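Please read the structure below before turning to the comments.
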Amino acid sequence: MFFVTKKSINTQVKSPLKKIANVTVLSTLSTILCFSANTLAQKISGVVLNKHGQPIYNAVVELGLDSQQVRTNSQGIFSFTDVTKGIFEIHISAKNHGHSNHKVIVSEEDIVDLNIVLATSVMEVIDVHATPLHSSSIESALPINVLSADELKMKQAATLGETLKNEVGVHSSYYGPVASTPIIRGLDGPRVLITQNGLDVGDASRVGPDHVVATETSTATQIEVLRGPATLFYGSGAIGGVVNVVDERVPTSSDEQVDYLLQYNDVSNEQQASINIQTGTDNVAFHLDGFWRDSKNYKLAGEADIHEEDEGHEVSGEQRLENSASTSSGATLGSSYLLKDGFIGFSYGFMDREYGIPGHSHEEEHIDEHSADDHDEEVGVYAKMQQDRWQVLGEYNFDQQFINKVATKFAYSDYQHQEIESGLVGTTFTNKSTEARIDLFHQDTSGWQGAWTVHYKSSDFKALGEEAFSPPSTSEMFAVAWLEEKHFGPVLLQLGARVEQVNLEADDSLIGFESSHQAQDVLPNDPSHTEHHETLVSFDQQSFTPISASAGLVWDYQSGYNLGFSMALSQRAASSGELFSFGPHIGTNTFEVGAMFDVHQEGDEIHVELAEQAPSVETSLNIDITFRKFNGDFGYVISAFYNRINDYYYQQDTGLFFVEDHGHADEAENEFGLPILVYQQDDVEMYGGEAEFIYQVSSGFKTSLIADYIRARLVNENDNLPRIPPMRVGAIINYQADKFDSELSVSHYFEQENIADLETNTDSYTMVDAHVNYYVDGFGDDLTLYLKGQNLTNEHARVHSSFLKEVAPLPGRNFSVGIRGSF
């Protein structure tokens, strides 16, 4: 780190802010903050070189909070003009090179002839948008996965969970190919926040595994995964981690570019197309994107139902998973007004998805020739999802002010999900969500840089219909947070704290069901007792005050090496589903009961009543340590974590079964009941590790090894948590030439034997994947023809973390061919 000074003319900056009456007005702050007098200044210029003194072309150079970004020319030269007085960090990164930060103090004269040397690096160093303060994938106290550029395009799948499932420390819930969500270190659902450009996606994917995440990966530019608690940035819903999908729907540049993709795969006859268009004038930027995808039921390598497989049924002909077809489409339009010191922009996007829900089709159904929208004659279960989303983003930088940058974000989402059986809508889920956030950054003070955050989020969630398992509810969150960081020589210290107020309200509910009690080792084919219960229940408002604090450091103890350490105390308020649920959940084939109820048996009678003990917040103490080597031909990232969560919400199997009386239904349809699962609180201990090793064997060959392991158990019950992913190891070989590159990967998933009560083991399996890219010159800036092969050995495999593992195995051998490019 070095310091350079110069003086500049200091002019007064006016920043009028209107007094806000409610939090939705936060979104207009970015328009108010667009008034500033121009400040005369000189320039900062220099050259970026490699360790041999050769210029690095196309290196990205960013000027701290001033939001200016330039790239080096063929001589490695960069230049910033109109730089105002103040202290700035210059961030430099380049492909196949490390990352460098330099602090400059701008005072009077031009800063010229800066010589910045970047070391070679086998690891890709990518800036992260998910944290308010500047950070890259190697500068964070917590481990971070980043997918971008060609790597993202090659791993992109129909769902977010399948796109990220091969990232170290990340697995997929795998609800068939239609609704998979990410699992981070064994945690998912309401503990893993899914965001789009830093704001909650506003869907119902955290309510049940059959709800698709309302975001699209084919139009994304980058996907970031924060492994470990990120509650300081995003709130208590991020106690397990964050997945942030970054796109350009609110453009910050008027550079002209068009990106496109066409793809076909044979395992599900999937056809896919997407396009991104970016254009504009000097002060106005425009963005347009769209995607379309259609797939049929996918091919299997064996029997779909594990029970038929165990009985030795012979496989005849091509096997496909019934009710796994889907179709989806969407588009986004955005525009921004670009200022010298910031921008203000908006976007509107819509998304439609229609997909079958595997495991709910009947034996006589055959829908192989139909897509998900052809359900006129079918009696299977499928879902329709629609979302409209509006976003407003703004940033403004102030000269010579203590508050030197303000960033505002606002989003409103209108979401609907319908579950349809036999052509009739059984349940409709809606969620109208509003979120507003303002980050106030202060200037460097005694070496400390930081920001204050004011954050508001509300949700109006409804589940309506005969199979609605949760009453209509509203939630509201208001929070303030403070983040600070400072360099002490080679050590970066990061501190933060956040306090929230969360209020949950649910409508009065008419509770009623018929249930049967069975011994746990007896199949529910002859219910021994059936009782009918029905009563009106009123809920009091549930209020929580989660508090979170963390301390982390990144120690560059040697050139090209660092150590990241983080200790976080994080609290999470329960979700409305965890508290108020009471009813059959068609997606998971269970009868869900929230923590507000107490279910017990007295003799032959089953009683349900409001629980006497009030629900409390989850409290997590998480310790994370990460070792990194990122310079030279050999690099690695090794992480270990320990997480103790007190009052953890989980679903306990009661051994009871729900049996619905249709009145006219025949006995065969009633002989199987839904297991009754009740949300309870207990202390949980989770620990594990992740490792990634990368070695550049030669200029063309690169190899990688990855591994991850998670152990999760109930402390008091001495039992395991259900659906925890098994240990995994993998190897990747990559070869790159002038006109093509290729990759072969092998991933082995071990047998999962650490199972919960009433859970079954899952066999081990090995996946072999490969891809080849061929680069064509003369057609725009970038034209790539590619071929992907997945599950090349046609392995018959089941995902332990899936609710549908017994009826929905992974797809069989799959080949994809596609074309992508830009101009």
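Position in the sequence shown counted from 1, then plus 8, gives you our numbering. Every residue gets a Cβ at the ideal spot worked out from N, C-alpha and C, and that includes glycine. Owing to the predicted nature of the structure, the values given are computational and were not obtained by experimental measurement.
Can you tell which of Asp746, Met775, Glu759 has the C-alpha that lies nearest to the C-alpha of His752?
The residue you asked about is not His; residue 752 is Leu in the sequence shown. Checked all of Asp746, Met775, Glu759; the closest Cα to Leu752 is Met775.
Can you tell me whether Tyr650 is buried or exposed, with buried defined as 16 or more other CB within 10 angstroms of its CB?
Tyr650 should be labelled exposed.
What is the DSSP secondary structure of Leu71, reduced to helix, strand or coil?
DSSP places Leu71 in strand when its eight states are reduced to three.
Around the C-beta of Gly431, are 16 or more other C-beta atoms found within 10 angstroms, so that it is buried, or is it exposed?
It counts as exposed.
Go to Ser337, then tell me how far its beta strand (DSSP E) extends in each direction, as first and last residue.
Counting along the chain, the beta strand (DSSP E) containing Ser337 begins and ends at 334–347.
Taking only runs of the beta strand (DSSP E) that begin and end inside the stretch 223–274, which ones reach a length of at least 3 residues, in chain order?
Counting whole runs of 3 or more residues, the stretch 223–274 contains the beta strand (DSSP E) stretches 230–235, 249–254, 265–273.
Could you give the distance in angstroms between the alpha-carbon of Asp727 and the alpha-carbon of Tyr687?
Taking the straight line joining both Cα atoms gives about 16 Å.
What is the rounded straight-line gap between the Cα of Arg328 and the Cα of Ala312?
Arg328 and Ala312: Cα-Cα distance of roughly 8 Å.
Just how far apart, CA to CA, sit Ala471 and Pro683?
If you take the alpha carbons of Ala471 and Pro683, they lie about 21 Å apart.
Is Met162 helix, strand or coil by DSSP?
Helix at Met162.
Would you mind sorting Leu544 into buried or exposed? The rule is 16 or more other CB atoms within 10 Å of its CB.
Per the 10 Å Cβ criterion, exposed.
Going by DSSP, what residue range makes up the beta strand (DSSP E) through Leu793?
790–798 is the extent of the beta strand (DSSP E) around Leu793.
Helix, strand or coil: how does DSSP classify Ala102 here?
DSSP places Ala102 in coil when its eight states are reduced to three.
Answer yes or no: do Gly836 and Asn630 have a C-beta to C-beta separation smaller than 8 Å?
The structure shown has nothing for residue 836, since the chain only spans 9 to 831.
List the endpoints of the continuous alpha helix (DSSP H) containing Phe748.
Careful: Phe748 lies outside any alpha helix (DSSP H), inside the beta strand (DSSP E) at 748–757.
Taking 8 Å as the threshold (C-beta atoms), are Ser421 and Gly210 in contact?
Contact flag set, yes.
My guess is that Gly342 and Pro259 are in contact by the Cβ rule of under 8 Å, so how many angstroms apart are they, rounded?
Confirmed, Cβ separation roughly 6 Å.
What separation, rounded to the nearest whole angstrom, lies between the Cα atoms of Arg199 and Asp606?
Cα to Cα, the separation comes out at about 24 Å.
Could you have a look at Ala444 and say whether DSSP puts it in helix, strand or coil?
Ala444: strand per DSSP, three-state reduction.
Considering only their Cβ atoms, is the gap separating Ala67 from Ile100 smaller than 8 Å?
Taking 8 Å as the Cβ cut-off, Ile100 and Ala67 qualify as a contacting pair.
Tell me, please, whether the stretch 403–423 touches the stretch 183–199 by the rule of three or more beta-carbon pairs shorter than 8 Å.
Not touching, per the Cβ criterion.
Helix, strand or coil, according to DSSP, for Glu1 in the structure here?
Missing from the structure shown is residue 1; the chain here goes from 9 to 831 and no further.
What does the alpha-carbon distance come out to for the pair Ala476 and Leu518?
Cα-Cα distance, rounded: 12 Å.
Touch check for the stretch 622–642 and the stretch 697–704: three-plus C-beta pairs under 8 Å?
Because the criterion of three Cβ pairs below 8 Å is met, the stretch 622–642 and the stretch 697–704 touch.
For Ala816, name the three-state secondary structure that DSSP assigns.
The answer is coil: DSSP assigns Ala816 none of H, G, I, E or B.
Let me confirm a value: Tyr565 is counted as buried when at least 16 other C-beta atoms fall within 10 Å, else exposed. Which label applies?
By the 10 Å Cβ count, Tyr565 comes out exposed.
With a 10 Å radius around its C-beta and 16 neighbouring C-beta atoms as the bar for buried, classify Ser824 as buried or exposed.
Ser824 should be labelled buried.
Could you name the residues of the same chain whose beta carbon sits closer than 6 Å to that of Ile646, not counting the 5 residues immediately before and after it, in chain order?
Hits under 6 Å: Phe635, Ala699.
For Ile95, which residues of its own chain have a beta-carbon under 6 Å away from its beta-carbon, when the five flanking residues on both sides are left out?
Only Ile113, Asp452 meet the Cβ criterion.
Nearest by alpha-carbon distance to Ser244: which of Asn802, Tyr464, Leu150 is it?
That would be Tyr464, whose Cα lies nearest to the Cα of Ser244.
Apply the 10 Å Cβ neighbour rule to Gln549 and answer buried if 16 or more other Cβ atoms are within range, or exposed otherwise.
Per the 10 Å Cβ criterion, exposed.
Taking DSSP's pairing of strands, which residues face Lys173 in a bridge?
DSSP output for Lys173 lists no bridge partner at all.
So what does DSSP say about Ser628, is it helix, strand or coil?
If DSSP states are grouped into helix, strand and coil, Ser628 belongs with the strands.
By DSSP's criteria, Phe469 is part of a beta bridge. Which residues make up the other side?
Phe469 is bridged to Asn439, Ser481.
How many whole angstroms separate the CB atoms of Gly54 and Leu122, which I take to be in contact at a CB cut-off of 8 Å?
At roughly 3 Å, the Cβ-Cβ gap stays under 8 Å, so Gly54 and Leu122 are in contact.
Beta strand (DSSP E) containing Ser87: first to last residue?
Looking at the DSSP string, the run of the beta strand (DSSP E) that includes Ser87 is 85–91.
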